[in-house]
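For reference, the structure is listed below as structure tokens.
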Amino acid sequence: MSDDPNPATAFAAVVALRRQADQLERDAVADALSAGWTWADIGQALGVSGQAAHKRLGPGRSAGKKTRGPR
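If you use the working numbering, the sequence shown corresponds to residues 49 to 119, in order.
Okay, here's the thing in structure tokens:
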């Protein structure tokens, strides 16, 4: 996969790509909402329910960050 034999380099690349993907997703959601899309529309585009999309990406949320519920 990489010419660098150090796995830490590969993991650093994975982390950077995830951050980029999360930002791209947040931007796409903001654009979709501005264009009049519903959370159901956004969920369908992401392959999840509208409720799941809103829970993960709605106001006060950050893509890729999961909140832990009661144990």
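Backbone N, C-alpha and C fix where the C-beta goes; we use that ideal spot for every residue, glycine too.
Could you compute how far the alpha carbon of residue i sits from the alpha carbon of residue j?
i    : j   : result
G106 : R74 : 9 Å
P53  : A61 : 13 Å
D51  : V63 : 18 Å
R104 : W85 : 16 Å
A100 : L65 : 23 Å
P55  : D70 : 23 Å
If the criterion is Cβ atoms closer than 7 Å, does the pair residue i and residue j meet it?
i   : j   : result
I90 : A83 : no
G95 : A88 : no
What residue range is occupied by the uninterrupted alpha helix (DSSP H) comprising residue i?
i    : result
D70  : P55 to S82
W87  : W87 to L94
R104 : G98 to L105
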